[in-house]
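Single-structure report; data block below.
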Amino acid sequence: MRKYSLTLAALLISALSFGQNILITDADYDQANPLDCGNFNDGSVQNFFDSGDAGSDYSANENETLTICPDPSTGSKVTVAFGINAGFSWNVHPSDTLYVYDGPNTSAPLLGAHNIATDPNGFTHTASFANNPSGCLTFVFVSNSADEALGWAANISCGNPPQPFEMHMEAYINGDSLNGSDMSPADTGYVDVCPGDSVLYKATPIFPYSFESTGTGYSQNLSNVTYEWSFSDGTTATGQYVWFTPPAQQGYIVTLTITDQFPNEYAILSKLRVSTTPSFAEAMAVDDTICVGATTDLIGGISPTDTAGVDPTTSSIVIGGTFAGLTYLPDGSGQNYTTDVSISGYPAGLTIQNASDIKSLCLTIEHSYLGDLEMGLTCPNGTTINIFNSYNGGGGGELFPGGFTGGGTFLGNAFDNNIGNPGVGEEYCFSDAFATWGTMATEFAGGNTLPVTNPSAGNAMNWNGTYLPEETFANLIGCPINGTWTVTVRDNLSIDDGYIFEWGICFDPTLNPNNETYAPEIVSETWLFDPTIITGDGDTTIVVAPDTAGPFNYTFQVTDNFGCTYDTTITVVAISGASVEPSAQACDNEYQVVNTTASLGGTWTQTSGLGVALFSPDNMSNNPLITVSSHGPYEFIFTDSLCGIDHPVSIVFHPDPVASIDGDSICEGDQIDWDVSFTQGSANYLWSVDGTAIIGATGPQYTAIATGLYQVIVSNFCGQATDTADVYVDECLVTIPNVFTPDGDIFNEYLVFDGLEKYRDGHLQIFNRWGNLIYENSDYQNDWDGTVNGKDVSDGTYFFILTYDRFGEIISEKGHVNIFRKQ
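Counting in my numbering, the sequence shown runs from 3 upward without gaps.
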């Protein structure tokens, strides 16, 4: 019976440690009446028993349910450990079953149904985080009436185990956060940047199980965790925010490791790719030296159908260390605990060819009892090798047979209370090629251990150096490198626990650590605008025509899908066979050409003009004297003999300016019109009266309507001319005569109305004293001589009606006039 397997000393230890045992038949320690975790914090004692307590067996036909919950102020999760060593016992008949539920009742998820058939060495369960915020465990024990067994002496403990948290990171190119993170996909994707860009990385973990979120457990927040950043160029940084400026146009692995105060550690990695400068090797000018006015083709473009291509260049991502985070190794009997890393980025199909291809396997670990541990490494095709085996208890189920029986030796600075408190992890590495120690079995036998510095007693395996694995890495030859690699730790006995804080596997760098390559895609291209580009589709072939002598730089620009812009400059040198002044002005009829240079000479040709041009000494001279027959604008072409280019030349031949205006007296309302138009060539005109410029009078025509001294100044390229004119304006009234003497003495011979000559449409009617019309003239010119039909009318009084148009007004004058002739 099991009661004989418990010594009195063990019972006394249990009583002294807890003050009470928990039986499956006890009342619930539910959320209203939870355990004080301060009294249940030693995982090495037996405090949980079947219905028979420490001294008796369980009974037939039992159906017991017990819920055990932690006091949230002292612990967040309950752990139960069943074992078969160090005073622990586990013997539930295969026909009976102990059920464990992950929560405060049997509606919670079932963690396991256990007896000695399913778990001959015992088992361990801890309330989960994801499904069990209460931290409780519920036990149901069912026995039948046929067979019973000894029952169990197990351990119940509670505390604050490591709390999982979510890893997130963000990235902002040049710190620009306005449009969100530049990493795609989120957290583990790519950040694509241009050369010279910097990236602001930000750690944004989420702590769903922290004290701040749940009111239990321990504190986890952005301020009390540590942030470690590593970049595959060897750069490291700490802090929630870090800047990284890529030093080269290649790819980088960015690893973020966050450690809380437990310490619980997680890692996440992303990749950064720097755009590469494309090749412009075939962007070119068909002719890079041409004459001014000639054309040449410039070739660019990137598509397969282009005449030539601008090719994106390829770069690689440096593969850094591979990392797996915290793995708890709880107290268990015959329990396997595994942790994986996923390797990628090596050439497809690449396999281990030599033991040295695996540079090292390193684990940061602490565990309080080496004697029951085994560790194996499994490669992606399922092959497993023995890293070390310290367990030699037999009984079947081991990872590897045999073992060096490492006893109470520790790994790292472990705590030996078996309730999940983390000790201090130390790094243990294993390598065929770089080992400084033998196998752990060899070194344990040689006594190469160190004192443990935490309050627990004992020694630990020496962690200063690298061990040989017990089974060579050569046994992994043929394993693919890409895929999932697994470390398995088997805990064969209870009363001990530990943690793998992190582990990684490193391969020989010569296995092509730069295998992941990338080539930015060119998404747009164009020739930048230049006025001398005359035709082309903008991205492939363009035609240019430099219009002056000298170098012309044409820029071909491309943009890749990283948003980075690159360009190249193609230079075309334009040479001019001749240099000619394009325009000139001359006075009179001659112009001496100057400043024409043409190494092989050229020919002058008149193309337009009002007259004929002559060239002296001839039209083959670079700088002839040109004489024209008429003033005005002329167009010439000088054709140089070197390039055959026509150079247009415009010459305006100006005459000397002329100004001429005449003065006069005018009647009020009348006007004088002047026109001093300069018909050959352009001129400027300035009018003034009595020395004052007339505002707005700048044309060749002007109309005077007021008295004054008028002046006009006509000026052009050749000088100026001036003329003046006096204008006098009076009323110009028509004077009505009362007598005229048409007697042949040449005095007063005609009926004259003084002033009538200044007006239009003078109409005169003469009546005798009986009212008869004797004379009429519709355009009277002051010329009636007192006759009708050639005969003199009698002397006497005659009546008249005179009408005329006075500047648009019809005036009618009536009166009488006497005709008197000398006898």
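Built from N, CA and C at the ideal position, the CB exists for glycine as well.
Assign residue i to one of three DSSP states: helix, strand, or coil.
i      : result
Cys160 : strand
Leu372 : helix
Lys79  : strand
Gly425 : coil
Asp763 : strand
Ser814 : strand
Asn1   : Nothing about residue 1 can be read from this structure; the chain reaches only from 3 to 825.
Ala285 : coil
Cys213 : Sequence inspection shows Phe at residue 213; the Cys mentioned does not correspond to that position. Helix.
Asn2   : Lying outside 3 to 825, the shown extent of the chain, residue 2 is not represented and no answer is given.
Arg823 : coil
Met622 : coil
Thr444 : helix
Asp794 : strand
Ala205 : strand
Ser684 : coil
Can you tell me whether residue i is buried or exposed, with buried defined as 16 or more other CB within 10 angstroms of its CB?
i      : result
Gly21  : Confidence is the limiting factor: at Gly21 the pLDDT is only 45, short of 50, which leaves the residue's position unreliable, though a coordinate-based value still follows. Exposed, by the Cβ-count rule.
Met622 : exposed
Val320 : For Val320, the predicted structure reports a pLDDT of 48, less than 50, and the residue's modelled location is therefore unreliable. A value from the coordinates is still provided. Buried, because 16 or more other Cβ atoms sit within 10 Å of the Cβ of Val320.
Ser796 : exposed
Ser16  : Low confidence applies to Ser16: its pLDDT is 38, below 50, so where it sits in the model is not reliable enough to give any reading.
Thr724 : exposed
Phe531 : exposed
Val614 : exposed
Gly302 : buried
Thr441 : buried
Ser662 : exposed
Trp439 : buried
Glu214 : exposed
Ile536 : exposed
His818 : exposed
Ala11  : Residue placement at Ala11 is flagged as unreliable, the pLDDT there being 35, under the threshold of 50; the coordinate-derived value follows with that caveat. Label assigned to Ala11: exposed.
Ser305 : Confidence is the limiting factor: at Ser305 the pLDDT is only 47, short of 50, which leaves the residue's position unreliable, though a coordinate-based value still follows. Exposed, by the Cβ-count rule.
Ala250 : exposed
Gly764 : buried
Arg762 : exposed
Just grab the DSSP bridge partners of residue i for me.
i      : result
Cys364 : Cys431 and Gly506
Asn338 : Arg492
Pro482 : Thr353
Asp299 : Val545
Met377 : Phe390 and Val491
Pro553 : Val575
Asp666 : Val729
Trp529 : Phe558
Tyr777 : Ile768
Going by beta-carbon coordinates alone, are residue i and residue j separated by less than 8 Å?
i      : j      : result
Thr279 : Tyr556 : no
Cys431 : Tyr469 : yes
Asn146 : Ser97  : yes
Val545 : Ala287 : no
His116 : Thr99  : yes
Ile354 : Gly480 : yes
Ala699 : Val731 : no
Asn624 : Thr599 : yes
Trp826 : Glu429 : Shown here, the chain extends from 3 to 825; a query on residue 826 therefore has no answer.
Val294 : Pro650 : no
Gly124 : Gly89  : no
Phe246 : Ile158 : no
Ile389 : Leu372 : no
Val454 : Ala462 : yes
Phe264 : Tyr229 : no
Ala416 : Gly467 : no
Please decide whether residue i counts as near chain B, where near means a Cβ-Cβ distance under 8 Å.
i      : result
Thr120 : Included in the structure is just one protein chain, with no chain B present.
Quick test of the definition: if touching needs 3 or more C-beta pairs under 8 Å, does the segment 585 to 597 touch the segment 627 to 640? Below 8 Å, enough C-beta pairs join the segment 585 to 597 and the segment 627 to 640 to call them touching: three or more.
Check whether the segment 135 to 142 touches the segment 107 to 114, taking contact to mean three or more Cβ pairs, one atom from each stretch, closer than 8 Å. With a cut-off of 8 Å on Cβ pairs, the segment 135 to 142 is in contact with the segment 107 to 114, counting three or more such pairs.
Say whether the segment 736 to 747 touches the segment 669 to 686, bearing in mind that this needs 3 or more beta-carbon pairs closer than 8 Å, one atom from each stretch. Under the 8 Å Cβ criterion, the segment 736 to 747 does not count as touching the segment 669 to 686, having fewer than three qualifying pairs.
Any chance the segment 704 to 717 sits against the segment 637 to 656, with 3 or more Cβ pairs inside 8 Å? In short, these stretches do not touch, since the Cβ pair count stays below three.
Between the segment 248 to 266 and the segment 230 to 240, do at least 3 Cβ pairs fall closer than 8 Å? Yes: at least three Cβ pairs fall under 8 Å.
If you pair each beta-carbon of the segment 202 to 213 with each one of the segment 173 to 187, do three or more pairs fall below 8 Å? Touching, per the Cβ criterion.
Assess, as a yes-or-no matter, whether the segment 481 to 492 is touched by the segment 372 to 389 under the definition of 3 or more beta carbon pairs within less than 8 Å. Segments in contact, yes.
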